[in-house]
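Written out below as structure tokens is the structure these notes cover.
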Amino acid sequence: MKTGFGRHYMADLYLCQNALWEDPGELEAVLNRLTTAENIHTTAWRFETSNLRGMRISGEINDASYIVIQIFPEQNFLTVDLFSWLPQLDLQSFSESLLNTFAPQVVAEETKIRAEHLFK
């Protein structure tokens, strides 16, 4: 597997209009549809209850990437973290699909290049 520098996409989604977290089974189905549409192969999704009265969903992508979504239902707020060492993984396209799915009214997002000094 060819790796490159790491890319880390982070987003905070405020005032989400689609409260998919109310039905974890439907949320898992939606995540599976999104990853399939983007040709992303994940391990089984892990759904965990957070100590912060929320939910954490995580999945690994091809042993070199991960996705973590933390949901805070009372605030209609969630965070998204996508990280990949795989240059061929299109984080931008997947993240846009994810944003459209939850329909937040406000988004704060950032992409960082990680460990670029290792690959110069």
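Residues in the sequence shown are numbered from 683 upward in steps of one, following this note's numbering.
Each residue gets a CB set at the ideal place from its N, CA and C atoms; glycine is no exception.
Where does residue i sit, in a helix, a strand or coil, going by DSSP?
i      : result
MET683 : Residue placement at MET683 is poorly supported in this model, since its pLDDT is 47, which falls under 50; the coordinates are not used for a value here.
GLU704 : helix
SER732 : coil
GLN757 : helix
Please tell me whether residue i and residue j are closer than 7 Å, where the distance is taken between their beta carbons.
i      : j      : result
GLU720 : PHE784 : no
THR718 : ILE743 : no
ILE739 : ILE722 : no
LEU764 : ILE749 : yes
State the CB to CB distance for the pair residue i and residue j, rounded to an integer number of angstroms; the pair is presumed to be in contact (CB under 8 Å).
i      : j      : result
ILE814 : GLY736 : This structure gives no information on residue 814, because the portion of the chain shown stretches from 683 to 802.
LEU773 : ARG689 : 6 Å
ASP694 : ALA790 : 5 Å
Residue i: which of the options sits nearest, CA to CA?
i      : options                           : result
GLU756 : ASN782, LEU713, GLY688 and TYR696 : TYR696
LEU780 : GLY707, GLU730 and MET692         : MET692
LEU771 : SER747, VAL789 and LEU760         : SER747
Using the DSSP secondary-structure output, state which residues sit across from residue i in a beta bridge.
i      : result
ASP763 : MET692 and VAL750
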